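Numbering (the numbering used here), first residue to last: 2 to 301.
In this text, a Cβ means the ideal position worked out from N, Cα and C, and glycines have one as well.
Quick caveat: nothing in here was measured; it's all calculated off a predicted structure.
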């Protein structure tokens, strides 16, 4: 198996662009990862990487080897998954990504319970509000909250999550409470969740006349939803948040709901996965586990 392990290290180093990152992803020290690459180069008799002080990139031989090596690793993973299904004992790692808010407050608390039921399955949870690339990051599952863009991946909808516009009492005392959606555009600082390469930014509210799209703006934006909550609590503006993210603050009065008669459109909570991953029992089990628990949290 050392040869196979060296191939796995090589594939991740190519995909992540550095030996340190590739090793860390596989829970190896940089020294061990570097030795695996050297062993592989010695076995193959070619240099696999061009190394400079600033960057690491595959040689022509490295690129050719990567194309085949990646398919070998994928085939091995699928073969192990099929055998695990026959054995009736799912085992191995499930690589999962989720947005920060729903990842911290919904999915992360489920992981210990899942592990208690399936102790041989290791859930590797990666949280980020940034857009992820499932193939590049070699993810098995990607949970998301929002509207799905075009994708070749399979989608499983889990629940519809209500949202709310929220602001602190101090902010509303200073700036006044919005009377209608137009007031958000004319007189208020909207706190924006944005990240590089994000699409156009807007809020869509539910009104008696149907969905109303507002091209909101503000002096603050961040790529972390919890930062927006902190800014709202500190009195810097109005945030558009999933209700589960702010329900504690609403209950204590630290935040107030704004325009409750025209709330934001709910967000879709769903997961994406490559079609072949459903052949892997540990992936299928984790999806089913999260779906069951989440529907208890978001009934209807």
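Legend entry - Neighbourhood of residue 250 by C-beta, 6 Å cutoff - its chain only, sequence neighbours within 5 removed: The residues are 256.
Inset, instruction - Output the distance between the C-alpha atoms of residue 236 and residue 174, rounded to the nearest integer angstrom. - result: Distance from the CA of residue 236 to the CA of residue 174, rounded to the nearest whole angstrom, comes to 10 Å.
Inset, instruction - Note down, in chain order, each residue of its chain lying with its Cβ closer than 6 Å to the Cβ of residue 140, except the 5 sequence neighbours on either side. - result: Here the set comprises 96 and 98.
Inset, instruction - List the endpoints of the continuous beta strand (DSSP E) containing residue 122. - result: Its beta strand (DSSP E) spans residues 122-128.
Legend entry - Cutoff 8 Å; reference residue 1; Cβ partners in own chain excluding five residues on either side: Absent from the structure is residue 1, since the part of the chain shown begins at 2 and ends at 301.
Inset, instruction - For residue 213, verify whether its CB is less than 7 Å away from any heavy atom of the ligand ZN. - result: Absent from the structure shown: the ligand ZN. Ligands present: none.
Inset, instruction - May I have the straight-line CA-CA distance separating residue 122 from residue 103, to the nearest angstrom? - result: Inter-residue distance for residue 122 and residue 103 is about 22 Å (C-alpha atoms, whole angstroms).
Inset, instruction - Check the C-beta distance from residue 185 over to residue 222 and give it rounded, since I have them as a contact under 8 Å. - result: Actually they are not in contact, since the Cβ atoms of residue 185 and residue 222 sit about 15 Å apart, beyond 8 Å.
Legend entry - Contact under 8 Å by Cβ, residue 41 with residue 49: In this structure, the beta-carbon distance from residue 41 to residue 49 falls below 8 Å.
Inset, instruction - Assign residue 248 to one of three DSSP states: helix, strand, or coil. - result: The answer is helix: DSSP assigns residue 248 an H, G or I state.
Inset, instruction - Report yes if the CB atom of residue 164 is closer than 8 Å to the CB atom of residue 267, and no otherwise. - result: For the 8 Å CB-CB criterion, residue 164 and residue 267 form a contact.
Inset, instruction - Within the same chain, show all residues whose beta-carbon is closer than 6 Å to that of residue 287, passing over the 5 residues directly before and after it, in chain order. - result: When the five nearest sequence neighbours on each side are left out, the beta carbons in the same chain lying within less than 6 Å of the beta carbon of residue 287 are those of 95, in order along the chain.
Inset, instruction - Name, in chain order, the residues that DSSP records as bridge partners for residue 1. - result: The shown model of the chain, from 2 to 301, leaves out residue 1, and the question about it has no answer.
Legend entry - Those residues which DSSP pairs with residue 212 across a bridge: According to DSSP, residue 212 bridges with 207.
Legend entry - Cα-Cα separation, residue 53 to residue 259: Using only the alpha carbons, I get a separation of about 54 Å.
Legend entry - Extent of the continuous alpha helix (DSSP H) run through residue 47: It is not in any alpha helix (DSSP H) - residue 47 carries neither H nor E in the DSSP assignment.
Inset, instruction - Grab me the residues of residue 21's own chain with a C-beta within less than 8 Å of its C-beta, minus the 5 sequence neighbours each way, in chain order. - result: In its chain, beyond the 5 residues on either side, 31 and 34 have a beta carbon closer than 8 Å to the beta carbon of residue 21.
Legend entry - Neighbourhood of residue 179 by C-beta distance below 7 Å, restricted to the same chain and skipping five residues each side: Counting only Cβ-Cβ distances below 7 Å, and skipping sequence neighbours, we find 185, 189, 259 and 260.
Legend entry - Helix, strand or coil at residue 133 [DSSP, three-state]: Three-state result, residue 133: coil.
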